[in-house]
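Asker:
Numbering (the UniProt record's numbering), first residue to last: 1 to 539.
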């Protein structure tokens, strides 16, 4: 089987949990005899222009597309890059894979999904976090609170994105995500928590498959961590691996450390992040007796060495985690885990068996868990042994077995989906009225099945859209050129009459609407008869 793996990043650049999973699976599938190639983004050079390079990474052929930080900019366009879609289409046409296995796509382009779908290539997607329905990907609002209502994304986090000359409604971005995900053949969720969360957000149950991320147990075959020094005053060697930011619970960890006898603690922090320097200063001020080292980002081999030198891994996340790679690797090394009781973590860590769980965000509870191991050091070995026994069920070979079975199963056709190309920013009251006419709320996570997706016109080719809505025309010539392209593609064009400057240059081949009610009637009339089928090839 020819399998094309896609990831916004790929080793050796920007290696996080999702990239590790993508790499290990690609290697494992290749070892099973499949022909595997990788298509990935590369922001390491911050080079504009989407140039491509080809290389081999540990035997895997990788085509890398040069990206810039702007491609990943929060609040900008981090979902649709037609230039990347075209490059991906070229690889599809020349290599002709049997299927695509996609991982993280933000910053690269979600358009690769419909590029493959248009060519009859099934797409399977592993969802590693909440990006499909959460603007921040963490379920943490801009105010730092855990989000329990995905319909409030535009209210609690961000109302608009910048994607062109005008700020556009955040719902445009979410509709585009929903429209792309509707063309995915099957979704792979590593935890029951994440699967249930995506189902609640609107992902079709029949396309959701729970397959836990596997781990190469041979990489962590050393029997136990290095021995601790003897005596009641021996230091507890604590290891944190993760992004140095508040969603990982680092502030709570620093507060917990300040509550403990610092002279008995040795703490290693592995990971980079925007708050690293602040955390280093805060720990020195609040817990000067703690022996601490901030390593920054480390290569995988060095991370394994740090695991071998630790007594316990701590992951005090305040955001719901999926299936943290740091936890599975620690358990494979025979380490107990102290972590938050949130998200998919309890599916890995059993309280008082393979580690200890604390309420997320509760520094006192976190300190009590660490104090427990200071008071009962013998339980470190007992919980560590149980952790290693537990993680045997998560062998990488078992994950690959399940993936091969999924890839070989009959492919059901994806549901019909319709996109409306929107030129400019629609009037708020008109847009809300139109969406309600299709029973679509102003903002919905993955939306109502069958509801049209309203998408910025610059993110689509005319062949992909059901019609063009010229809601506003800040650039007259650009609007006229787009109208001409859609009429050439035999697509209906709907024009808000507020764009009076265009009226003199148009004929009755466009439908001109006044007010919210007229717009809703026009959309109903135009979208109802349109036969929704697989889109044409993306240019």
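Glycine included, each C-beta is placed from N, C-alpha and C at the ideal position.
Could you give the distance in angstroms between the alpha-carbon of residue 471 and the alpha-carbon of residue 465?
Answerer: To locate residue 471, count along the chain shown from 1; it is residue 471. To locate residue 465, count along the chain shown from 1; it is residue 465. Straight-line Cα distance between these residues: approximately 15 Å.
Asker: Which residues in the same chain as residue 411 place their Cβ atom closer than 6 Å to its Cβ, once the five residues preceding and following it in sequence are excluded?
Answerer: For the purposes of this step, residue 411 is taken as the residue at position 411 of the chain shown. Same-chain partners within the cutoff: 122 and 185.
Asker: If you draw a straight line from the C-alpha of residue 426 to the C-alpha of residue 477, how long is it?
Answerer: Your numbering for residue 426 matches position 426 in the chain shown. Your numbering for residue 477 matches position 477 in the chain shown. Each residue's Cα considered, the two are about 18 Å apart.
Asker: Only counting the same chain, and skipping five residues up and downstream in sequence, which positions put a Cβ closer than 8 Å to that of residue 142?
Answerer: As a first step, residue 142 is located in the chain shown; it is residue number 142 there, counting from the start. For residue 142, where only same-chain residues beyond five positions count, the Cβ hits under 8 Å are 136, 156, 157 and 158.
Asker: Could you check the C-alpha separation between residue 403 and residue 283 for me, to the nearest Å?
Answerer: Residue numbering aside, residue 403 sits at position 403 when the chain shown is read from its first letter. Residue numbering aside, residue 283 sits at position 283 when the chain shown is read from its first letter. If I take the Cα positions, the gap works out to 44 Å.
Asker: Can you tell me which residues form a DSSP beta bridge with residue 544?
Answerer: This structure leaves residue 544 out entirely; the chain is present only between 1 and 539.
Asker: Of all the options 43, 68, 112 and 17, which has the alpha carbon lying nearest to the alpha carbon of residue 5?
Answerer: Within the chain shown, numbered from 1, the residue matching residue 5 stands at position 5. The shortest Cα separation from residue 5 among 43, 68, 112 and 17 belongs to 112.
Asker: With a floor of 3 residues, list each beta strand (DSSP E) that falls wholly inside the region 295 to 374, ordered by position along the chain.
Answerer: The region 295 to 374 contains these whole beta strand (DSSP E) runs: 312 to 315, 337 to 340 and 355 to 358.
Asker: What are the partner residues of residue 63, as DSSP defines its beta bridges?
Answerer: Against the chain shown, residue 63 aligns to sequence position 63. The partner list for residue 63 (beta bridge, DSSP) reads 39 and 54.
Asker: Any idea if residue 45 is buried or exposed, counting beta-carbon neighbours within 10 angstroms, 16 or more meaning buried?
Answerer: Numbered from its first residue, the chain shown carries residue 45 at position 45. With fewer than 16 other Cβ atoms within 10 Å, it is exposed.
Asker: Quick check on the burial criterion: 16 or more other C-beta atoms within 10 angstroms. Buried or exposed for residue 386?
Answerer: Mapped onto the chain shown, residue 386 falls at position 386. It is buried - the Cβ of residue 386 has at least 16 other Cβ atoms within 10 Å.
Asker: Use the C-beta contact count for residue 97: other C-beta atoms within 10 angstroms, 16 or more gives buried, fewer gives exposed.
Answerer: On the chain shown, residue 97 is found 97 positions in, with the first residue counted as 1. With 16 or more other Cβ atoms within 10 Å, it is buried.
Asker: Could you tell me whether the region 233 to 246 touches the region 304 to 317, using the rule of 3 or more Cβ pairs below 8 Å?
Answerer: Yes, the region 233 to 246 touches the region 304 to 317.
Asker: On the CB-based measure, 16 or more other CB atoms within 10 Å of its CB, does residue 375 come out buried or exposed?
Answerer: On the chain shown, position 375 is the one that residue 375 refers to. When all chains shown are included, residue 375 counts as exposed.
Asker: Going by C-alpha to C-alpha distance, which of 270, 251, 487 and 423 sits closest to residue 363?
Answerer: As a first step, residue 363 is located in the chain shown; it is residue number 363 there, counting from the start. The shortest Cα separation from residue 363 among 270, 251, 487 and 423 belongs to 251.
Asker: Report the rounded CA-to-CA distance for residue 218 versus residue 301, giving the unit in angstroms.
Answerer: Here the question's residue 218 lines up with position 218 in the chain shown. Here the question's residue 301 lines up with position 301 in the chain shown. Straight-line Cα distance between these residues: approximately 13 Å.
Asker: Based on Cα-Cα distance, which residue from 461, 421 and 475 lies nearest to residue 114?
Answerer: Looking up residue 114 in the chain shown gives position 114. Out of 461, 421 and 475, 461 has the C-alpha closest to the C-alpha of residue 114.
Asker: Grouping DSSP H, G and I as helix and E and B as strand, with all else coil, what is residue 290?
Answerer: For the purposes of this step, residue 290 is identified with residue 290 of the chain shown, where counting begins at 1. If DSSP states are grouped into helix, strand and coil, residue 290 belongs with coil.
Asker: Could you check how far apart the C-beta atoms of residue 52 and residue 87 are, in whole angstroms? I think they sit under 8 Å.
Answerer: By one-based count along the chain shown, residue 52 stands at place 52. By one-based count along the chain shown, residue 87 stands at place 87. Right, the Cβ-Cβ distance comes to about 6 Å (below 8 Å), so this counts as a contact.
Asker: Could you check where the alpha helix (DSSP H) with residue 124 kicks off and where it finishes?
Answerer: If you number the chain shown from 1, residue 124 lands on position 124. Where residue 124 is concerned, there is no enclosing alpha helix (DSSP H), although the beta strand (DSSP E) it sits in stretches over 123 to 126.
Asker: In three-state DSSP terms, what is residue 234?
Answerer: The residue given as residue 234 occupies position 234 in the chain shown. Note: residue 234 maps to coil in three-state DSSP.
Asker: Determine the DSSP secondary structure at residue 533, reduced to helix, strand or coil.
Answerer: Counted from its first residue, the chain shown places residue 533 at position 533. Annotation note: pLDDT 37 at residue 533 (below 50); position unreliable, coordinate value reported separately. Three-state result, residue 533: coil.
Asker: Go through its chain and collect everything with a Cβ distance to residue 150's Cβ below 6 Å, but skip five positions before and after it.
Answerer: Here residue 150 refers to the residue found at position 150 of the chain shown. 133, 201 and 445, listed in sequence order.
Asker: Rank 473, 291, 270 and 118 by C-alpha distance to the C-alpha of residue 234 and give the top, closest one.
Answerer: Residue mapping note: residue 234 aligns to position 234 of the chain shown, counting from 1. Nearest of 473, 291, 270 and 118 to residue 234, Cα basis: 291.
Asker: Can you name, in chain order, every residue of its own chain whose Cβ lies under 7 Å from the Cβ of residue 330, other than the five neighbours on each side?
Answerer: Numbered from its first residue, the chain shown carries residue 330 at position 330. Excluding residues within five positions, the ones whose Cβ falls inside 7 Å are 307, 313 and 337.
Asker: Verify whether the separation of the beta carbon atoms of residue 80 and residue 110 is less than 8 Å.
Answerer: Stepping through the chain shown from its first residue, residue 80 is reached at position 80. Stepping through the chain shown from its first residue, residue 110 is reached at position 110. Yes, the pair counts as a contact, with Cβ atoms nearer than the cut-off.
Asker: Note the first and the last residue of the continuous beta strand (DSSP E) segment covering residue 380.
Answerer: Working through the chain shown from its first residue, we reach residue 380 at position 380. It is not in any beta strand (DSSP E) - residue 380 instead sits in the alpha helix (DSSP H) that spans 378 to 391.
Asker: Give the range of the beta strand (DSSP E) segment to which residue 89 is assigned.
Answerer: As a first step, residue 89 must be located in the chain shown, where it is residue number 89. No beta strand (DSSP E) contains residue 89, which is instead part of the alpha helix (DSSP H) from 82 to 95.
Asker: Between residue 540 and the rest of its own chain, which residues show a CB-CB distance below 6 Å, the 5 nearest in sequence each way excluded?
Answerer: Residue 540 falls outside the range modelled here, since the chain spans only 1 to 539, and no answer is possible.
Asker: Give me whichever residues DSSP pairs with residue 421 in a beta bridge.
Answerer: Along the chain shown, one-based indexing puts residue 421 at 421. Residue 421 is bridged to 455 and 468.
Asker: Less than 8 Å between the CB atoms is what I'm expecting for residue 519 and residue 420, so what's the real figure, rounded?
Answerer: Counting from one through the chain shown, the residue named residue 519 turns up at place 519. Counting from one through the chain shown, the residue named residue 420 turns up at place 420. Residue 519 to residue 420, Cβ: 11 Å. No contact.
Asker: Please confirm whether any heavy atom of the ligand NAD lies closer than 7 Å to the CB of residue 7.
Answerer: No copy of the ligand NAD occurs in the structure displayed, which carries no ligand at all.
Asker: CB-CB under 7 Å to residue 524, same chain, minus the five flanking residues each way: which ones, in chain order?
Answerer: As a first step, residue 524 is located in the chain shown; it is residue number 524 there, counting from the start. Correct list, in chain order: 437.
Asker: Helix, strand or coil for residue 559 per DSSP?
Answerer: Nothing can be reported for residue 559: it is not among the residues displayed for the chain, which extend from 1 to 539.
Asker: Are residue 479 and residue 517 close, meaning C-beta to C-beta below 8 Å?
Answerer: The sequence position of residue 479 within the chain shown is 479, counting from 1. The sequence position of residue 517 within the chain shown is 517, counting from 1. Result no, Cβ atoms of residue 479 and residue 517 do not sit closer than 8 Å.
Asker: Got a sec? Which residues, its chain only, sit under 6 Å from residue 193 by beta carbon, not counting five neighbours each side?
Answerer: As a working note, residue 193 is residue 193 in the chain shown. Once the five neighbours on either side are set aside, the close Cβ partners of residue 193 are 343 and 344.
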